[in-house]
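Our numbering applies: residue 5 is where the sequence shown begins, and numbers increase by one.
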Amino acid sequence: QSIEFTSTHAQKQGAPTLRLVGYTCPDTQRKYRFITNNFTLSARTIAAIYKDRWHVELFFKAVKQNLKIKAFLGSSRNAMLTQIWIAMISYLLLAYARDCVKEG
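Here it is in C-alpha cells:
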C-alpha cells in the first residue's frame with residue numbers, strides 16, 4: 005500500500021511516497037506493519053531488515069544505560085569500538101570492585 009502526503013506543505017518540501025508493508029511472523033503469528041521507502045524488496049526482507057535494526061538499537065540502548073556512554077567521541081568504526089571496549093572494561097572493573105567490597 006502506498007502512502008502519499010498530499011498537503012501543500014508536504015508537496016513543497018518534496019515529501020517522498022512511502023510504502024506500508026504488512027508481515028506476519030510464521031513462528032508467533034504476530035502481525036507487524038512497517039513503513040519504508042523501498043518498493044522493490046519483499047515484505048519478508050523488509051521485516052528482516054527491521055528485526056536486525058532492532059537488535060542494533062537494543063545494543064546501543066544497553067551501552068548507554070549500563071556503560072554510561074552518553075555520546076560517541078568519534079565517528080569512525082575504530083573510535084566507536086575503542087570507546088565501547090574502554091567502557092566495558094571500566095564497567096567490569098567496577099563490578100569486580102563492588103563484589104570484592106561486599107565480600108570483605
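Backbone N, C-alpha and C define an ideal beta-carbon position, used for all residues, glycine too.
Considering only C-alpha positions, which residue in the set the options is nearest to residue i?
i: Lys65; options: Ile88, Phe43, Glu107; result: Ile88
i: Ala91; options: Gly18, Asn42, Ala75; result: Ala75
i: Val25; options: Trp58, Ser46, Leu97; result: Ser46
i: Gln5; options: Arg102, Gln17, Trp58, Thr44; result: Thr44
In or out: residue i buried (at least 16 other Cβ within 10 Å) or exposed?
i: Ile50; result: buried
i: Ile105; result: Residue 105 is actually Val in this sequence, not Ile. Looking at its Cβ environment, which holds fewer than 16 other Cβ atoms inside 10 Å, Val105 is exposed.
With a CB to CB cut of under 7 Å and the five nearest residues on each side skipped, what residues in its chain are close to residue i?
i: Leu77; result: Ala83, Gln87
Residues in the same chain with beta-carbon distance under 6 Å from residue i, minus the five sequence neighbours each way, listed in chain order, please.
i: Asp56; result: none
i: Phe9; result: Ala19
Can residue i and residue j be called in contact, C-beta distance under 7 Å?
i: Tyr95; j: Leu71; result: yes
i: Asn42; j: Pro20; result: no
So residue i and residue j are supposed to be a Cβ contact under 8 Å. How far apart are they, rounded?
i: Ile39; j: Leu22; result: 5 Å
Going by beta carbon distance, what residues of the same chain come within less than 8 Å of residue i, once the five residues before and after it are set aside?
i: Tyr36; result: Gly26, Tyr27, Thr28, Cys29, Ala51, Tyr54
i: Ile7; result: Thr21, Leu22, Arg23, Leu24, Ile39
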